[in-house]
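Every letter in the sequence shown is one number past the one before it in the numbering used here, and letter 44, counting from 1, is 257.
A virtual CB, placed ideally from N, CA and C, is assigned to each residue, including glycine.
From a predicted model like this one, the values you see are computed outputs, not experimental measurements.
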Amino acid sequence: MNKILIATKNKGKVNDFKGLFGAKNIEVISLLDLAEPIADIEETGQTFAENATLKAETIAKQLQLPVIADDSGLEIAALKGEPGVYSARYAGIEKNDQRNIDKVLENMADVKQEDRAAQFVCALALAIPGQETVIKHGYCKGFITTTQIGKNGFGYDPIFQPEGYDVTMAQLKPEEKNAISHRGNALKELAAWLAIN
């Protein structure tokens, strides 16, 4: 494997992977580097792992290249795991972070402090043509706050307080967030797998 495609247009995510694969002299490219854009792949899976696998395998087959795709979101115990795989579109088809946050806070208005447990989940799928797809998970446990606090990050970060912290994810510096994030933890799992393969 001398080249790998990361199925994203997010430069921050790409840099995370460059750090991981650069040490193995593997060239990392992203969807931004393709001459021909790839059509959006409908995420029809019931789990983060199914969606990540669907994206990775579809693109790997099209390009005949190893591909990493991820799917991630928020699971809230009191809401029976919602928003889950629908995290990005929880409040409607159009992705809108603020409306998603408002919907979560509204749905949890009567939930007591001790019952507000939640976790961010990330599933990473590595699809290599002709081989079995490798899936790694990362988690960040915490709970949902009653109000929105902080300006950093994106998505549900302003209402998610990680375990062991007295601030929300949106109050952490990017490097602090990356050290404990679900994606960071999934990357560590993938790095451990790569080290022995």
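Determine which residues share a DSSP beta bridge with residue i and list them.
i: P375; result: G355
i: L400; result: Answer is none; L400 lacks a bridge partner.
i: G286; result: V334
i: P296; result: E288
i: I409; result: DSSP output for I409 lists no bridge partner at all.
i: Q280; result: It is worth fixing the name first, because residue 280 is Val in this sequence and not Gln. Partner(s): L218, A340.
Are the CB atoms of residue j and residue i within a distance shorter than 9 Å?
i: V334; j: E288; result: yes
i: Q311; j: F356; result: no
i: L276; j: L339; result: no
i: S300; j: Y369; result: yes
i: T360; j: R329; result: no
i: S243; j: T271; result: no
i: A383; j: G366; result: yes
i: L247; j: K224; result: no
Just to check my reading of the structure: residue i and residue j have Cβ atoms closer than 8 Å, yes? What is that Cβ distance to the nearest angstrom?
i: V280; j: A265; result: Their Cβ separation, rounded to whole angstroms, is 10 Å, which puts V280 and A265 out of contact at 8 Å.
i: I362; j: V317; result: No, I362 and V317 are not in contact; Cβ-Cβ is about 14 Å, not under 8 Å.
i: G398; j: G351; result: Position check: residue 398 holds Asn in this sequence, whereas Gly was assumed. The pair is a contact, with the Cβ atoms about 3 Å apart (cut-off 8 Å).
i: A290; j: M321; result: About 10 Å; that fails the 8 Å criterion.
i: L403; j: K237; result: 12 Å between Cβ atoms; not a contact.
i: D229; j: L400; result: 6 Å
i: E332; j: K354; result: Note that residue 332 is Gln in the sequence shown, not Glu. That pair is a contact at about 5 Å.
i: F261; j: V298; result: 6 Å
i: K216; j: I239; result: 7 Å
With 16 as the cutoff for other CB atoms within 10 Å, does residue i come out buried or exposed?
i: F234; result: buried
i: D284; result: buried
i: G343; result: exposed
i: I348; result: buried
i: Q259; result: exposed
i: I306; result: exposed
i: K390; result: buried
i: P250; result: exposed
i: P387; result: exposed
i: T257; result: exposed
i: G172; result: This structure gives no information on residue 172, because the portion of the chain shown stretches from 214 to 410.
Check your understanding: What are the uninterrupted segments assigned as alpha helix (DSSP H) that are 4 or more residues long and contained completely in the segment 305-350, given in chain order?
Key -> Correct list: 310-320.
Exercise for review: Write down every uninterrupted run of the beta strand (DSSP E) in the segment 214-274 whose length is 3 residues or greater and which is fully enclosed by it, in chain order.
Suggested key: Segments of the beta strand (DSSP E) lying fully in the segment 214-274: 216-219, 240-243.
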